[in-house]
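The numbering used here numbers the first residue of the sequence shown as 1216 and each following residue consecutively.
Comments concern the structure below.
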Amino acid sequence: MLSGTNAITIDRRWRQLWKYHGSHRVKTFLWLVSCGSLLMNANQVRQHLATDATCAVCGHGYEDTDHILRKCFPALSIWSNIIKPTSWDECIHSNIQDWIVSNMMYPSLYMTDDSNWKPSLDSFAGYCGTE
């Protein structure tokens, strides 16, 4: 059982996630990301459903959720257009669950002035095939 600060952090993540006012598909996608349950190659290897964890898009040796959503070159090309240059390192290297919650709670934290988290996320989720 979780206790203390860790339990509070996780509870805060879930509460913020379920407050999201986008489409149900995007909310479900965010929940799967937060649980680490997307069936990326790394998860398939861990579950003995595949033998290779390599990213099929860029050839990176370990395709996990963080790689696909933030570090693979198609994701980087999307985020590079909407993330403030001054926030780039923090955005790309932070814990993915905390990153999602931070963007939901404080949309201007990472995004450029002309960007908005919700349409950006809806577009990105559509790119990932969830819409």
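Beta carbons are placed, not taken as given, at the ideal position from N, Cα and C, and that holds for glycine.
Since we're looking at a predicted model, the values are computed, not measured.
**Q.** Simplified DSSP state of Met1319, which is helix, strand or coil
**A.** Here Met1319 sits in helix by DSSP.
Q) Around the Cβ of Ser1218, are there at least 16 other Cβ atoms within 10 angstroms (buried) or fewer (exposed)? A) Only weak support exists for where Ser1218 lies, its pLDDT of 46 falling under 50; the coordinates are left without a value.
Q. Shortest alpha-carbon distance to Leu1291 belongs to which of Ser1302, Ser1317, Ile1307 and Gly1276?
A. Ranking the options by Cα distance to Leu1291, first place goes to Ile1307.
Q. Given that a residue counts as buried once 16 or more other Cβ atoms are within 10 Å of its Cβ, and exposed if not, what is Cys1270?
A. buried
**Q.** Cβ neighbours of Met1216 in the same chain (closer than 6 Å, five flanking residues each side left out)
**A.** For Met1216, the pLDDT reaches just 42, beneath the cut-off of 50, and the residue's location in the model is therefore unreliable, although a value from the coordinates is still provided. No residues qualify anywhere along the chain.
Q. Closest to His1275 by CA distance: which of Thr1266, Cys1287 and Asp1281 is it?
A. Cys1287
Q: State the start and end residues of the unbroken alpha helix (DSSP H) segment that holds Val1260.
A: Asn1256 to Arg1261
(Q) Measuring straight from C-alpha to C-alpha, what distance separates Arg1227 and Met1320? (A) 11 Å
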